[in-house]
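Numbering (the UniProt record's numbering), first residue to last: 1 to 127. C-beta atoms are modelled at their ideal positions from N, C-alpha and C, and glycine is treated no differently. This one's a predicted model, so the numbers in the text were calculated from it and none came from an experiment. I have placed the structure first, in the form of structure tokens, so that the comments after it can refer back to it.
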């Protein structure tokens, strides 16, 4: 059952990311900062995101010298990535509170298409 009070993007020319499992709106493409592959995941960093549940302080951990906390889709509770809590000053693109989303957990609404966020290939409309 879908939750009430979710943020829904309403753009004339849609371009945003959604949870692959339940299609909850997560981040606007315009808030995209960077994408890279590392040993844990292929991820994209965004300036901001919505409809996420964040673990509390007891669950903070270190990743590559940065303090992070896991984030989950607020609708289906699928783990989507992490939020940066503390970033060392030497990082040019990253700031505290940026989010790193796992591309394999997202789909992208682009115009009238739904695309796999990792491969950018078309996927079915329904989850």
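**Q.** Under the three-state DSSP convention, the category residue 103 falls into
**A.** Here residue 103 refers to the residue found at position 103 when the chain shown is read from its first residue. Looking at residue 103 - three-state DSSP - the assignment turns out to be helix.
Q | Stretch pair the region 68 to 84 + the region 13 to 22: three plus CB contacts closer than 8 Å | A | yes
Q | Close-in-space but distant-in-sequence residues of the same chain around residue 53 (CB under 8 Å, 5 per side omitted) | A | As a working note, residue 53 is residue 53 in the chain shown. Same-chain partners within the cutoff: 71, 72, 73, 74, 77.
Q: Could you give the DSSP three-state label for residue 29: helix, strand or coil?
A: Along the chain shown, read from residue 1 onward, the residue named residue 29 stands at position 29. Three-state DSSP puts residue 29 in a helix.
**Q.** Same chain only: Cβ atoms within 7 Å of residue 47, ignoring 5 sequence neighbours per side
**A.** Start at 1 with the first residue of the chain shown, and residue 47 comes out as number 47. 31, 33, 98.
Q | Residue environment, residue 119, which counts as buried when at least 16 other CB atoms sit within 10 Å | A | Taking the chain shown and counting its residues from 1, one reaches residue 119 at position 119. So residue 119 counts as exposed.
Q. Considering only C-alpha positions, which residue in the set 44, 51, 100 is nearest to residue 68?
A. Numbered from 1 along the chain shown, position 68 holds the residue referred to as residue 68. Ranking the options by Cα distance to residue 68, first place goes to 100.
Q: May I ask which residues mark the beginning and end of the beta strand (DSSP E) holding residue 68?
A: Position 68 of the chain shown holds residue 68. For residue 68, the enclosing beta strand (DSSP E) has its first and last residue at 66 to 73.
Q) Taking buried to mean at least 16 other C-beta atoms within 10 Å of its own C-beta, is residue 157 buried or exposed? A) Because the chain here runs from 1 to 127, residue 157 falls outside it and cannot be looked at.
Q: State the beta-bridge partners of residue 45 as determined by DSSP.
A: Counted from its first residue, the chain shown places residue 45 at position 45. The partner list for residue 45 (beta bridge, DSSP) reads 34, 100.
Q: Just mark residue 56 as buried or exposed, buried being the case when its beta carbon has 16 or more other beta carbons within 10 Å.
A: Numbered from its first residue, the chain shown carries residue 56 at position 56. It counts as exposed.
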